[in-house]
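Engineer: Numbering of the sequence shown is given in my numbering, commencing with residue 21 and proceeding in unit increments. The beta-carbon is built from N, C-alpha and C at its ideal position, and this holds for glycine as well.
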Amino acid sequence: MKEVLENFLGISMEKIGESIAQTVYMVSVSLIIATIFAFIFAILLTFTRKGGLFQNLIVYNILNVVINIIRSTPFVVLLVAVMPLTKALIGTRIGPTAAIVPMTLSSIPFMARLMENSLLDTGKGILEAAQSIGATPFQIIVYFILPESLGSLILSLTTGIVGLIGSSAMAGYVGGGGIGALIQNYGYNKFNFTLMYSLVVLLILVTQLVQSLGSRLAGIARRNK
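#1: Any chance the region 156-174 sits against the region 201-209, with 3 or more Cβ pairs inside 8 Å?
#2: Going by Cα to Cα distance, which pick from Phe74, Leu99, Ile174 and Ala108 is closest to Ala132?
#3: With DSSP collapsed to three states, give me the class of Gly192.
#4: Using 8 Å for Cβ pairs, my map puts Phe61 next to Leu83. What's the rounded Cβ distance?
#5: With a CB to CB cut of under 7 Å and the five nearest residues on each side skipped, what residues in its chain are close to Gln42?
#6: Compare the Cα-Cα distances from Thr142 to each of Asn88, Glu38 and Ile161 and report the closest residue.
#7: Run the CB neighbour count on Gly71, radius 10 Å, all protein chains shown included, and call it buried at 16 or more, exposed below.
#8: Where does Phe28 land, buried or exposed, given buried means 16+ other C-beta within 10 angstroms?
#9: Measure the beta-carbon distance from Thr124 to Ile53 and round it to whole angstroms, keeping in mind my assumption that it falls under 8 Å.
#10: Checking 9 Å against the spacing of the C-beta atoms, do Ala191 and Ser39 come in under that value?
#11: Helix, strand or coil, according to DSSP, for Phe74 in the structure here?
#12: Please report how far the alpha carbon of Gly180 lies from the alpha carbon of Leu99, in whole angstroms.
#13: Ala155 to Val44, Cα distance in whole Å?
#14: From the DSSP output, in three-state form, read off Ala155 for me.
And the structure:
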């Protein structure tokens with residue numbers, strides 16, 4: 021079976037396995053870091069906005085502008101623009117680990133906006149009730165906001181994962197490694213269209229699987245709310 025696939029695709033399964041592992045590594049690490057920062061920023065945006073529980077328009081406007089600027093920057097442009105930062109942090113501009121830097125930076129504002137919208141779905145009356153009984157900001161987040169908005173947050177994470185899969189493929193075109201690099205170097209450049217389209221189909225199937233799983237988990241969370 022292995023030999024049949026290698027003959028069909030024109031490349032060793034070890035090389036494909038290595039590229040898949042690199043993509044999983046890039047997406048996983050970027051997702052963890054981006055989720056942490058995006059959630060923090062989403063909380064700040066929700067709490068400090070006009071009419072928020074802890075209104076602070078200076079903090080809100082600064083954060084809002086920074087997020088909008090990064091969100092409006094195409095990923096390819098951001099990928100190149102942050103290369104000096106990537107070099108300073110990682111020690112190299114190429115490779116899967118280096119690709120994590122621009123992937124994370126582009127994902128944080130995107131996911132922060134999605135999470136902000138999820139958190140805003142929480143009824144203002146619930147937050148005011150929590151504050152009226154003396155709940156601390158931490159308690160409001162853990163015991164009121166998270167349970168109420170969990171289903172929507174799961175969908176936000178799902179969208180973030182799908183976006184990171186696309187970013188990882190794009191990063192591969194400029195030395196990031198992963199499936200994107202395999203498509204470029206061993207598919208397109210060598211006119212191996214069987215390999216190229218097979219990997220494209222693989223990415224589509226993975227994306228559909230992630231989306232379906234996220235939608236199902238979100239549905240469960242909303243029913244158990």
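Structural biologist: Based on what the coordinates show:
#1: Not touching, per the Cβ criterion.
#2: Ile174
#3: helix
#4: The pair is a contact, with the Cβ atoms about 6 Å apart (cut-off 8 Å).
#5: Pro116, Gly197 and Gly198
#6: Ile161
#7: exposed
#8: exposed
#9: 5 Å
#10: no
#11: coil
#12: Distance between the alpha carbons of Gly180 and Leu99 is about 17 Å.
#13: 39 Å
#14: coil
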